[in-house]
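Asks: Shown below is the structure under consideration.
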């Protein structure tokens, strides 16, 4: 019985120093992108969040598939360009942008979308006619996002609160704004949570366009960037229902639509594998398996635990261990602090030194959040497409 791990071992892609590695499945990525495209109108465009998984070969694959990339920093824009993205495939959403960065955007990527985070940013964009300028609006809606990732409250640092309606409309008259942008939060488990926010943004765009027409200004709000934020737990049918609900909003068809999904796309495409360095249970409440991946790779999980991780056990040859009889064990990471614990009291088959643990569905907010704590190397990254495995990035020590 062949598994991805045994196939990778047989192909000789691991050496004695590879105590862990990451696996990116491009077939799963293609499937996820196809689901996203089918859920929305064919006129909608989709900018996939770079920060969620900034691996260059993944970004290149997305670009080659005809989708856009959403950057949260100027450095991510450069990474997108290096991955093959053109100006019409770029959205820049950083809440903190330098003047020189905006000017560089206008020179290097004329026509790209730049979303201003607040009203005070607009004067910096006023003379940059080469850019397609959006204004981020905080729609002030309730969602199922975790409090750490909820950006739709009145004290959020993101966007202009929609209750500042007069100021927003006045800004859209004064400055060359052609789009509105919104994003309510990340890890939203309710597929329809964002619909009220989109409805508010559409109504606001309609009002702005009426004011522009009354003022004899030819410019209009013509695109709506409705963000993303859905949890990977939202399944294909729920995504289809969300896309249909958005498409049914009155007057939405007037506008070009951009989405910005990240974790929903990336989570299922990535798995991580670690050798079990040792198992120790002497004098402890439960046995502990010591792994080579922990809070360095799973920082978000360790600190906020947004979901339970799924683990699979393989023997030294990469073959799966039978789950017929399982025992309680703790899985702990390699970092020198007490909180580096991946799971406690998890039921798994008997684990021995030299076995492998797979952590499934960790393609989002993991590699991109890699921690330098304890100065451990970033593991080798391997890709899979149509059962062909290849090394995308060698194990790398971060220079300090």
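Numbering (this note's numbering), first residue to last: 4 to 403. Backbone N, C-alpha and C fix where the C-beta goes; we use that ideal spot for every residue, glycine too. Note that this is a predicted model, so its numbers are computed, not measured.
1) Ignoring anything shorter than 3 residues or poking outside the region 173 to 227, list the beta strand (DSSP E) runs there in chain order.
2) Tell me whether the region 278 to 292 and the region 327 to 342 touch, counting them as touching only if at least three CB pairs, one residue from each stretch, are closer than 8 Å.
3) Just confirm the distance between the C-beta atoms of residue 243 and residue 42, as a whole number of angstroms; I'd bet it's less than 8 Å.
4) Among 51, 208, 294, 318, whose alpha-carbon lies nearest the alpha-carbon of residue 353?
5) Here's the rule I'm using: 16 or more other beta-carbon atoms within 10 Å means buried, otherwise exposed. How should residue 126 be labelled?
6) Quick one: which unbroken beta strand (DSSP E) runs of 3-plus residues sit fully inside the region 284 to 351? Chain order, please.
7) Within the 8 Å Cβ cut-off, does residue 130 reach chain B?
8) Quick check on the burial criterion: 16 or more other C-beta atoms within 10 angstroms. Buried or exposed for residue 397?
9) Contact defined as beta carbons within less than 8 Å: I believe residue 114 pairs with residue 185. What is the distance between those atoms, to the nearest angstrom?
10) Answer with buried or exposed for residue 387, where buried requires no fewer than 16 other C-beta atoms within 10 angstroms of its C-beta.
11) In this structure, does DSSP put residue 141 in helix, strand or coil?
12) In terms of residue numbering, what span does the beta strand (DSSP E) encompassing residue 115 cover?
13) Using the Cα positions of residue 47 and residue 8, report the straight-line distance between them to the nearest angstrom.
14) Does DSSP put residue 263 in a helix, in a strand, or in coil?
15) Which ranges would you report for the beta strand (DSSP E) in the region 16 to 93 if only whole runs of at least 3 residues count?
16) Just the C-alpha distance for residue 81 and residue 106, rounded to the nearest angstrom, thanks.
17) In this structure, how does DSSP classify residue 244 when only helix, strand and coil are distinguished?
18) Below 8 Å, can you find three or more Cβ-Cβ pairs linking the region 368 to 386 to the region 299 to 306?
19) In terms of alpha-carbon separation, which member of 27, 101, 73 lies closest to residue 88?
20) On the three-state DSSP scale, how would you describe residue 281?
21) Determine the extent of the beta strand (DSSP E) in which residue 362 is found, giving its start and end residues.
22) Based on the DSSP secondary-structure assignment, which residues constitute the bridge partners of residue 403?
23) Indicate the three-state DSSP secondary structure (helix, strand or coil) for residue 275 in the structure shown.
24) Specify the secondary structure class of residue 126 as computed by DSSP and reduced to three states.
25) Three-state secondary structure (DSSP) at residue 258?
26) Within 10 angstroms of the Cβ of residue 350, are there 16 or more other Cβ atoms? Answer buried if so, exposed if not.
27) Return helix, strand or coil for residue 233, following the three-state DSSP convention.
28) Taking contact to mean 3 or more Cβ pairs, one atom from each stretch, closer than 8 Å, check whether the region 23 to 33 and the region 269 to 276 are in contact.
29) Can you check which of these residues, 248, 216, 116, is closest to residue 263 by C-alpha distance?
30) Are the beta-carbon atoms belonging to residue 197 and residue 163 less than 8 Å from one another?
31) Per DSSP, what kind of secondary structure is residue 10 in: helix, strand or coil?
32) Does DSSP classify residue 378 as helix, strand or coil?
33) Which of helix, strand or coil does DSSP assign to residue 250?
34) Rounded to a whole number of angstroms, what is the C-alpha to C-alpha distance between residue 44 and residue 181?
35) Of the choices 394, 260, 237, 401, whose alpha-carbon is the least far from that of residue 25?
36) Verify whether the separation of the beta carbon atoms of residue 261 and residue 75 is less than 8 Å.
Replies: Based on what the coordinates show:
1) Correct list: 180 to 184.
2) Touching, yes, given that three or more Cβ pairs across the two stretches are closer than 8 Å.
3) Correct: roughly 5 Å between the Cβ atoms.
4) When the alpha-carbon of residue 353 is set against those of 51, 208, 294, 318, the nearest one is in 318.
5) By the Cβ neighbour-count rule, residue 126 is exposed, with fewer than 16 other Cβ atoms within 10 Å of its own.
6) The qualifying runs are 291 to 294, 313 to 317, 330 to 335, 344 to 351.
7) As a matter of chain content, chain B is missing from the structure shown, which is built from one protein chain.
8) The residue is exposed, with fewer than 16 neighbouring Cβ atoms inside 10 Å.
9) Contact doesn't hold; Cβ gap of about 22 Å is too wide.
10) Sixteen is the threshold: when 16 or more other Cβ atoms of the shown chains lie within 10 Å of the Cβ of residue 387, as they do, the residue is buried.
11) In the three-state reduction of the DSSP assignment, residue 141 falls in the strand class.
12) Neither: residue 115 is in no beta strand (DSSP E) and is coded neither H nor E.
13) Taking the straight line joining both Cα atoms gives about 38 Å.
14) Correct three-state label for residue 263: coil.
15) With a minimum length of 3 residues, the continuous beta strand (DSSP E) runs that stay inside the region 16 to 93 are 23 to 28, 48 to 52, 71 to 74.
16) Distance from the CA atom of residue 81 to the CA atom of residue 106, rounded to whole angstroms, is 14 Å.
17) Under the three-state reduction of DSSP output, residue 244 falls in the helix class.
18) Result yes; three or more Cβ-Cβ pairs closer than 8 Å.
19) Comparing Cα positions, the closest option is 73.
20) It is a strand residue.
21) For residue 362, the uninterrupted beta strand (DSSP E) run begins and ends at 359 to 363, by DSSP.
22) Looking at the DSSP assignment, residue 403 forms no beta bridge with any residue, so it has no partner.
23) Correct three-state label for residue 275: strand.
24) Residue 126: helix per DSSP, three-state reduction.
25) Of the three classes helix, strand and coil, the one that applies to residue 258 here is coil, per DSSP.
26) Residue 350 is exposed by the Cβ-count criterion.
27) Residue 233 falls in the strand class under three-state DSSP.
28) Judged by Cβ distances under 8 Å, the region 23 to 33 makes contact with the region 269 to 276, as three or more pairs qualify.
29) Nearest neighbour of residue 263 by Cα position, chosen from 248, 216, 116, turns out to be 116.
30) At a Cβ-Cβ threshold of 8 Å, residue 197 and residue 163 do not count as neighbours.
31) Correct three-state label for residue 10: helix.
32) Three-state result, residue 378: helix.
33) Helix.
34) When rounded, the distance between both Cα atoms is 21 Å.
35) Answer by Cα proximity: 394.
36) No. Outside cutoff.
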